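Residues in the sequence shown are numbered from 1 upward in steps of one, following this note's numbering.
All residues carry an ideal CB built from backbone N, CA and C; glycine is no exception.
A quick note: this is a predicted structure, and the numbers were derived from the prediction, not measured.
Presented below is the structure to which this report refers.
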Amino acid sequence: MLYFREFELKENDQDNIEKRIRSLSKRRHSSLDIVQSVSYDRDGKLFLAVETSENITLTRLKLPIERFLPKIIVRFSKSDFRYYKIRLSLFSSIIFVLLWIPVFSGIQGISQNKIQASDLIVFFCLLMGFVLLAIIEIALTKRKLKNLEK
1 MLYFREFELK ENDQDNIEKR IRSLSKRRHS SLDIVQSVSY DRDGKLFLAV
51 ETSENITLTR LKLPIERFLP KIIVRFSKSD FRYYKIRLSL FSSIIFVLLW
101 IPVFSGIQGI SQNKIQASDL IVFFCLLMGF VLLAIIEIAL TKRKLKNLEK
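So this is what it looks like as structure tokens:
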């Protein structure tokens, strides 16, 4: 998948970060793209995590009211826990692409004088709404990741 942003934690102790990730995460064995991350029962955990030989990927546990926020997946490399990368889940990526298709087609239609710009407003607003929700989810996830630095 395409990771579109990399961040750095201020904590320098990689062992401490790894211990915090493990203590604040519920373990799963299937892909986070298909696992539901909505739960009332958190047991003090903040994330769902899947561990491979090279990476630990996690996603934020959400309340049911946050169900409509796009799912963000965070990847920590086991070689350096100070840096993490984020991406949209598979389903969120598909929604993003499906929202782009009519906007892109509309832009082409406007350039060829086949449609008017007002016909494109609804699709553009839906796309911007999705982007806004993704930005909110990234901010919420980054706020939870700050708990790894404590």
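For Glu6, the three-state DSSP class (helix, strand or coil): strand
Own chain partners of Glu149 with C-beta closer than 6 Å, once the 5 adjacent residues on each side are dropped: Leu9, Lys10 and Glu11
Beta-carbon proximity list for Leu18, same chain, < 7 Å, skipping 5 on both sides: Looking at the sequence provided, one finds Glu at residue 18 rather than Leu. Closer than 7 Å at the Cβ level, and outside the excluded window around Glu18, lie Phe81.
Touch test, the stretch 104-115 against the stretch 45-58, Cβ-Cβ under 8 Å, three pairs minimum: No, they do not touch.
Distance, Leu132 Cα to Phe76 Cα: 25 Å
Status (buried if at least 16 other CB within 10 Å, exposed otherwise) for Tyr3: exposed
Short Cβ contact (8 Å threshold) for Lys85 with Arg5: Taking 8 Å as the Cβ cut-off, Lys85 and Arg5 qualify as a contacting pair.
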